[in-house]
Amino acid sequence: MGHTIAEKILARAAGRDSVRAGESLLVRPDYMIAYDFPGYTDVMFRQMHDDFGIRELDEPGRYVVFIDHMLTKGNDKEQQVHQVTRDWCEFYGIELHEARGIGHQVMAELGYALPGNFLIHFDGHISGAGAFGALGWGVRRDLLEAWVSGQIFLDVPATTRFELTGEFAPGVDSRDLVHQIIADHGADGCAHQVMEYAGPGARAMSIDRRQGLCGMAMFTGAVSAVFEPDEAALAYARRVARTEFTPQQPDADAEYVAVHSYDLSQVRPRVVLPGSARAANTRDAAELAGTPVTKAFIGSCASGRIEDIRAAALVLDGRQVAPGVELNVVPTSEAVHRQAEEEGLFDVLRAAGAKIARSSCDFCFGYQKPLQDGENCISTGVLNISGRMGSTQANIYLGSAFTVAASAVAGAISSAEEVSRS
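Per this note's numbering, the very first residue in the sequence shown carries number 746; after that it's consecutive.
Next comes the structure, spelled out in structure tokens:
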């Protein structure tokens, strides 16, 4: 019996010829990543230093820290939080990336998420690295184990394979696909597993769409997601690689928990209802048509890349954001911001009445322009539990950039297809 991509990556990271799902083993991640946030990174640094007596790191190049939260108020509290991180990173010789964008995107731009690499983070959206054939795993506070020892004990996950054919119809993207998968298989349909994407539909999907799809893996219960690395992923990796890398492909006789087939041309716009802790309560956008919105948000580690901004510009070109609606667009990185400006996309969005903000995580977790009581927001954010973006008395609906832009124009939940017909 052959092996899955995840099994092969973890075998290499464990220094083993092979491993099987269900085995518990000690693995050495290629990179151990975090972003600074009160109660997380600062506490872990102090524990390393005070509790474990670590004064020097053997391999500081394997540690990566981002400053991508709490960037938008410019107050003393923010500076205090960030200065703690700066000081610790300087002390340990850790590479720190500050205000360059959302770390889950910037790590790809800087060549950390290479095919065959194994990365860990305390945040589960590290799974977006799977777009490149890397395995990114959110280990929560167990990250401290790896920071202290350079290794971490993990149980090798089983894998569910998704065979994709066709291409998305206009106005549909990978956010709709992941919400369709959740609707079909439930919020625990891939619990404790890796989602492996393959087939001609996967190869036809852009890198941006793959990142968005993999980055939402946790909402199926999965620990991660990964695409078979094709020439598109390898070409990207070659441009940004900071080290050599070894792509991994699944064996033809690899063992899977299940194999599901999806024709991308049949996927329709989907919307997640408010209060869905794991994005499980999804509906066809048409079923929610007419639901009024006051705020719209395009951004987050899952859906603020250049193709999302192009999607919004396509919908908004020659149209206006509806009266009473505020549309905020936050590119996923400073590099994406520059590209959107160069392509003239922000000119289109501004002309339509959208507001452009600097790249950060602050909109997504309710730090910047928090929602007020009674507001309805349509968002490409990653989570819509009560209070995620501000007031617990506000409602958050999740959808693709196409759907968010269309809803901003209509003043109510709508699909890009419906707006185009109007």
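All C-beta atoms, glycine included, are put in the ideal place defined by N, C-alpha and C.
In this text, all values refer to a predicted model and were calculated from it rather than measured experimentally.
Exercise. Looking at Leu1116 and Gly1098, is the spacing between their C-beta atoms short of 8 Å?
Worked result: Sequence index remark: in the sequence shown, residue 1098 carries index 353 (1-based). Sequence index remark: in the sequence shown, residue 1116 carries index 371 (1-based). Not a contact, by the Cβ cut-off of 8 Å.
Exercise. Would you call the CB atoms of Val810 and Ala779 closer than 8 Å?
Worked result: Position 65 of the sequence shown, counting from 1, holds the residue named residue 810. Position 34 of the sequence shown, counting from 1, holds the residue named residue 779. Yes, Cβ-Cβ distance for Val810 and Ala779 is below 8 Å.
Problem set entry | Option nearest Ser1152 by Cα separation, candidates Arg831, Tyr785 and Gly916 | Looking up residue 1152 in the sequence shown gives position 407. Residue Gly916 is the option with its Cα nearest to Ser1152.
Exercise. Closest to Leu909 by CA distance: which of Cys935, Ile897, Leu889 and Met940 is it?
Worked result: For the purposes of this step, residue 909 is identified with residue 164 of the sequence shown, where counting begins at 1. Among Cys935, Ile897, Leu889 and Met940, the Cα nearest to that of Leu909 is on Met940.
For this session: Determine the burial state of Asn1140: buried for a count of at least 16 other Cβ atoms within 10 Å of its Cβ, exposed for fewer.
Result: As a first step, residue 1140 is located in the sequence shown; it is residue number 395 there, counting from the start. Asn1140 comes out buried.
For this session: Determine the direct distance from the alpha carbon of Asp795 to that of Asp887, and round the result to whole angstroms.
Result: Here residue 887 refers to the residue found at position 142 of the sequence shown. Here residue 795 refers to the residue found at position 50 of the sequence shown. Spanning the two alpha carbons is a distance of roughly 17 Å.
Problem set entry | Contacts around Asp1118, its chain only, beta-carbon distance under 7 Å, and the 5 residues preceding and following it disregarded | Taking the first residue of the sequence shown as position 1, residue 1118 is located at position 373. Once the five neighbours on either side are set aside, the close Cβ partners of Asp1118 are Ser1136, Gln1138 and Ala1139.
For this session: Out of Gly846, Phe877, Tyr837 and Phe836, state which residue places its alpha-carbon closest to the alpha-carbon of Gly856.
Result: Counting from one through the sequence shown, the residue named residue 856 turns up at place 111. When only C-alpha atoms are compared, the closest one is Phe877.
Problem set entry | Separation of Ala1056 from His1082, as counted between CA atoms | By one-based count along the sequence shown, residue 1082 stands at place 337. By one-based count along the sequence shown, residue 1056 stands at place 311. So the alpha carbons of these two residues sit roughly 15 Å apart.
Problem set entry | Residues near Gln1084 by beta carbon distance below 7 Å, same chain, minus five either side | Working through the sequence shown from its first residue, we reach residue 1084 at position 339. The answer, listed in chain order, is Ile1051.
Problem set entry | C-alpha distance - Val1164 paired with Lys822, whole-angstrom precision | For the purposes of this step, residue 1164 is taken as the residue at position 419 of the sequence shown. For the purposes of this step, residue 822 is taken as the residue at position 77 of the sequence shown. Linking Val1164 to Lys822 through their CA atoms gives a straight-line distance of about 43 Å.
Problem set entry | Backbone secondary structure at Tyr776 - three-state DSSP | Within the sequence shown, residue 776 is the residue found at index 31, counting from 1. Tyr776: strand per DSSP, three-state reduction.
Exercise. Quick one: what does DSSP say Val1066 is sitting in, helix, strand or coil?
Worked result: Within the sequence shown, the letter at position 321 stands for residue 1066. The answer is coil: DSSP assigns Val1066 none of H, G, I, E or B.
For this session: Label Asp1053 either buried or exposed according to how many other C-beta atoms from any shown protein chain fall within 10 Å of its C-beta, with 16 as the threshold for buried.
Result: Start at 1 with the first residue of the sequence shown, and residue 1053 comes out as number 308. Classification of Asp1053: buried, given that the 10 Å Cβ count is 16 or more.
Exercise. On the three-pair Cβ rule with 8 Å, is the region 1124-1134 touching the region 1034-1051?
Worked result: yes
Problem set entry | In chain order, each alpha helix (DSSP H) run of at least 4 residues that lies wholly inside the region 809-888 | 821-837 and 848-854
Exercise. If you follow the beta strand (DSSP E) that Ser969 is part of, which residue opens it and which one closes it?
Worked result: Numbered from 1 along the sequence shown, position 224 holds the residue referred to as residue 969. Here the beta strand (DSSP E) through Ser969 covers Ser969 to Phe972.
For this session: State buried or exposed for Gln825, treating a residue as buried only when at least 16 other CB atoms are found within 10 Å of its CB.
Result: One-based indexing of the sequence shown puts residue 825 at position 80. Flag for Gln825 reads exposed.
Problem set entry | Bridge partner(s) assigned by DSSP for Tyr981 | In the sequence shown, residue 981 corresponds to position 236, counting from 1. Its beta-bridge partners do not exist; DSSP assigns none.
Exercise. Sorted by chain position, which residues of the same chain lie with C-beta nearer than 8 Å to Ala1102's C-beta, five sequence neighbours on each side aside?
Worked result: Within the sequence shown, residue 1102 is the residue found at index 357, counting from 1. Excluding sequence neighbours, Ala1102 sits near Thr817, Gly1044, Asn1073, Val1074, Val1075, Phe1108 and Gln1113.
Problem set entry | Beta-carbon proximity of Arg761 to Gly895, cut-off 8 Å | If you number the sequence shown from 1, residue 761 lands on position 16. If you number the sequence shown from 1, residue 895 lands on position 150. In this structure, Gly895 does not lie closer than 8 Å to Arg761 by Cβ.
Exercise. Should Arg906 and Val971 be called a contact, given that it needs their Cβ atoms to be closer than 8 Å?
Worked result: Here residue 906 is taken as the residue at index 161 of the sequence shown, counted from 1. Here residue 971 is taken as the residue at index 226 of the sequence shown, counted from 1. No, Cβ-Cβ distance for Arg906 and Val971 is not below 8 Å.
Exercise. Where in the region 880-954 do unbroken runs of the alpha helix (DSSP H), each at least 4 residues long, occur, reported from the N-terminal end onward?
Worked result: 888-894, 919-930 and 945-949
For this session: For my contact list, Val1154 and Ile1123 are in at a C-beta cut-off of 8 Å; report their separation, rounded to the angstrom.
Result: For the purposes of this step, residue 1154 is taken as residue 409 along the sequence shown, with counting starting at 1. For the purposes of this step, residue 1123 is taken as residue 378 along the sequence shown, with counting starting at 1. Not a contact, Cβ separation roughly 11 Å.
Exercise. Using DSSP with H/G/I as helix, E/B as strand and the rest coil, what is Ala1157?
Worked result: As a first step, residue 1157 is located in the sequence shown; it is residue number 412 there, counting from the start. Residue state, collapsed to three classes: strand.
For this session: Using 10 angstroms around the beta-carbon of Ser1145, count the other beta-carbons present and answer buried if the total reaches 16, otherwise exposed.
Result: Position 400 of the sequence shown, counted from the first residue, corresponds to residue 1145. Flag for Ser1145 reads buried.
Problem set entry | alpha helix (DSSP H) segment containing Glu1169, residue limits | Given that the chain is displayed from residue 746 to residue 1167, the structure contains no residue 1169 and the question cannot be resolved.
Problem set entry | Top-ranked residue by Cα proximity to Val1012, from Gly846, Ala914 and Thr830 | Mapped onto the sequence shown, residue 1012 falls at position 267. Taking only the C-alpha atoms, the option nearest Val1012 is Ala914.
For this session: Pick helix, strand or coil for Ser1152, following the three-state DSSP scheme.
Result: Numbered from its first residue, the sequence shown carries residue 1152 at position 407. It is helical.
For this session: Quick one: residues in its chain with C-beta nearer than 7 Å to the C-beta of Ala967, no 5 flanking neighbours on either side, listed in chain order?
Result: Against the sequence shown, residue 967 aligns to sequence position 222. Closer than 7 Å at Cβ, skipping near neighbours: Cys935, Gln938, Val939 and Met940.
For this session: Determine the extent of the alpha helix (DSSP H) in which Ala1056 is found, giving its start and end residues.
Result: Taking the sequence shown and counting its residues from 1, one reaches residue 1056 at position 311. Its alpha helix (DSSP H) spans residues Ile1051 to Leu1061.
Exercise. In its own chain, which residues sit with a C-beta less than 7 Å from the C-beta of Ala1067, not counting the 5 before and 5 after it?
Worked result: Stepping through the sequence shown from its first residue, residue 1067 is reached at position 322. Closer than 7 Å at Cβ, skipping near neighbours: Ala1153, Val1154, Ala1155 and Gly1156.
For this session: Could you tell me which residues DSSP puts in a beta bridge with Gly760?
Result: In the sequence shown, the residue the question calls residue 760 occupies position 15. Answer is none; Gly760 lacks a bridge partner.
For this session: May I ask you to verify whether the region 836-844 touches the region 950-961, counting CB pairs closer than 8 Å and requiring at least 3?
Result: no
Exercise. Quick one: what does DSSP say Tyr1136 is sitting in, helix, strand or coil?
Worked result: Position 391 of the sequence shown holds residue 1136. It should be pointed out that residue 1136 corresponds to Ser in this sequence rather than to Tyr. Correct three-state label for Ser1136: coil.
For this session: Mind checking which residues open and close the alpha helix (DSSP H) that includes Asp787?
Result: The residue you call residue 787 lines up with position 42 of the sequence shown. Unbroken alpha helix (DSSP H) run through Asp787: Thr786 to Arg791.
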